[in-house]
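S.K.: Input: one structure, supplied below.
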Amino acid sequence: MQRFGTTPDPNRRYTRRPGVYAILPHAGGILTTFQAGIHNEYQLPGGGVDPGEQPLQALYREVFEETGWHITQPRVFFRFKRYVFMPDYDLWAEKICTLYTAQPVRRYAAPLEPDHCPVVLPIEGAMNRLANAGDRHAVARFFGL
Numbered sequence: 001m002q003r004f005g006t007t008p009d010p011n012r013r014y015t016r017r018p019g020v021y022a023i024l025p026h027a028g029g030i031l032t033t034f035q036a037g038i039h040n041e042y043q044l045p046g047g048g049v050d051p052g053e054q055p056l057q058a059l060y061r062e063v064f065e066e067t068g069w070h071i072t073q074p075r076v077f078f079r080f081k082r083y084v085f086m087p088d089y090d091l092w093a094e095k096i097c098t099l100y101t102a103q104p105v106r107r108y109a110a111p112l113e114p115d116h117c118p119v120v121l122p123i124e125g126a127m128n129r130l131a132n133a134g135d136r137h138a139v140a141r142f143f144g145l
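Residue numbers for the sequence shown follow my numbering, so the first one is 1 and each next one is one higher.
Put into structure tokens, the structure is as follows:
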């Protein structure tokens, strides 16, 4: 599996953390979420798969929580891993990221997650603004850049 970001520290213990994220083409751009607060960054909507939860359940839940949108037709597109500190959980994690492509259907509500705001970025803007290199790589592949 391809790895992005920093090399893991052999002296540190990492918790394996599966996550699901969505590439959501919309209105000539891509639907992202801007997470303010301690992160202050643009991200693909998504997040961790909870214990006992199926990945697709987590994808629908996370996209809705972070954007207020419902999605349809999710398909696995790309997987990668990265090693990061997650300040929200005070946790060093080996994040196993599964990216799906899907279609946003309709915005039903404001985001449920604090500090999240849905933003449609132009494709070129997403390539410069998405915070993580794995996401940028997958978006570039999806749009043939």
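We treat Cβ as the ideally placed atom computed from N, Cα and C, and that holds for glycine.
All values reported here derive from a predicted model rather than from experimental measurement.
Grouping DSSP H, G and I as helix and E and B as strand, with all else coil, what is L1?
M.R.: Per the sequence shown, the amino acid found at residue 1 is Met instead of Leu. In the structure shown, M1 sits in coil (DSSP, three-state: anything other than H, G, I, E or B).
S.K.: Nearest to H26 by CA position, among A93, P10, T101, Y14, is which residue?
M.R.: Comparing Cα-Cα distances from H26 to each of A93, P10, T101, Y14, the minimum goes to T101.
S.K.: Give the straight-line distance between the Cα atoms of R61 and G125, rounded to the nearest whole angstrom.
M.R.: So the two alpha carbons sit approximately 26 Å from each other.
S.K.: For Q103 and P8, what's the separation of their Cα atoms in angstroms?
M.R.: Computed Cα separation, rounded: 34 Å.
S.K.: Could you tell me which whole beta strand (DSSP E) segments of length 3 or greater appear in the segment 55-120?
M.R.: Segments of the beta strand (DSSP E) lying fully in the segment 55-120: 69-86, 91-107.
S.K.: Please report the residue range of the alpha helix (DSSP H) in which A22 lies.
M.R.: That residue, A22, is in no alpha helix (DSSP H); its beta strand (DSSP E) goes 15-26.
S.K.: Between F85 and the rest of its own chain, which residues show a CB-CB distance below 8 Å, the 5 nearest in sequence each way excluded?
M.R.: L91, W92, A93, listed in sequence order.
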